[in-house]
Structure formats: C-alpha cells, structure tokens
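J.: Structure incoming, see below.
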Amino acid sequence: MDGMGEWKPKQIDNPDYKGAWVHPEIDNPEYTQDATIYKFDNIGVIGLDLWQVKSGTIFDNFLITDDVKAAEEAGKETWGVTKGPEKKMKDEQEDMERKLREEEEKSKSKDAEGDEEEEDDEEDGEEEEEEEGEQEEETEDESATEEEDSKAKAKDEL
C-alpha cells in the first residue's frame, strides 16, 4: 500500500450541503461607532501578569504614552538617573549571595569528608577485631600484603 499515495477517507455525497457556514449578522440598534474608545485621559490602575525565572525584579515608574520623545525624556529623568546605583546594589547583593553559597558548599564538603573518615575508622576497627579473632598462622608475605593494602587505602582517602 506504500505506493498508492496518501490515504484519504471516502466521501459520501450530501444532497443538503449548502456550502461553508457563514454566521448570521444581527443588527444591534444600541451600537454606535466611537473612534476614541481606546483613549483614556486618566488611568488609575494598571495590571501586570508576569512570569519570572529569577526573583528580584523591580518595576516602577510606568508611563503609558504614544509620544516617543516624551517617553525618552521621562526615561532619562527617572531610569537614567537610577540605573547605575541600582545595578551596583544588585551586583553587590549577587556577590554576597555567591559568597554565602560558596561557604555553604565548603562546609558541606568538609562535613562529608569528616563523615567518610569516621566511617573508614569504624570499618578499620571492625576489621581489626575480625583479624584478632582469626588464627594467627599468617606468613610474613601475607601480612606484608595487608600492610601495603592499608597504605594504599590511606593514600586513596587523601
């Protein structure tokens, strides 16, 4: 069936078909056209729907206008004056947060190393008890091999 082309369902004739549906338009006697329906002299409220990846974003000084020059001037007077100090403050805050994270990571890694050493010490103690319980018929070669193994373990821990 691969060589027959794209599959299409069978069509059944519909004798009542009148063409594509067009919605009926109903007159609205209360409607009057208003070319300035979008224009507001005073906006008392503004709503924002934001999704942020990183918190800490600040919004202020909203300006709604259709005058590009007025917007640029207002931007220079407000944001242009504060952007340098705000950036400096943000950078300092990020540096402090980074340093705290690094300190936490260092302390976690030190804690993890301490835990590993305690576990190794406990295992070594258990091994010694087992060795004492066994018969002491080992040859010098066997004891030398064990010493080498324990030295290798100590080097691996470092």
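Okay, so the sequence shown: first residue is 14 according to our numbering, each after it adds one. Cβ atoms here follow ideal geometry from the backbone N, Cα and C, with glycine treated the same way.
Looking at Asn-74: is its Cβ nearer than 9 Å to the Cβ of Ala-87?
T.: Cβ atoms of Asn-74 and Ala-87: closer than 9 Å.
J.: What residue range does the alpha helix (DSSP H) around Glu-85 cover?
T.: Where Glu-85 is concerned, the enclosing alpha helix (DSSP H) stretches over 81-90.
J.: So Leu-61 and Phe-72 are in contact, right, with Cβ under 8 Å, and what is the actual spacing, rounded?
T.: About 7 Å separates the two Cβ atoms, so the contact holds.
J.: Determine, using beta carbons only, whether Ile-77 and Ile-59 come nearer to each other than 9 Å.
T.: For Ile-77 and Ile-59, yes; Cβs fall inside 9 Å.
J.: Classify Thr-95 as helix, strand or coil using the three-state DSSP reduction.
T.: Note: Thr-95 maps to helix in three-state DSSP.
J.: State yes or no: is the C-beta of Gly-69 within less than 9 Å of the C-beta of Gln-106?
T.: Yes, these two residues count as a Cβ contact at 9 Å.
J.: So what's Lys-101 in DSSP terms, helix, strand or just coil?
T.: If DSSP states are grouped into helix, strand and coil, Lys-101 belongs with the helices.
J.: Extract the residue ranges of the beta strand (DSSP E) inside the segment 14-77, only unbroken runs of 3 or more that lie entirely within it.
T.: Counting only runs of 3 or more, we get nothing.
J.: Would you tell me roughly how many angstroms separate the C-alpha atoms of Thr-95 and Met-102, rounded to the nearest one?
T.: One C-alpha to the other measures close to 11 Å.
J.: Output the distance between the C-alpha atoms of Val-35 and Asp-29, rounded to the nearest integer angstrom.
T.: One C-alpha to the other measures close to 16 Å.
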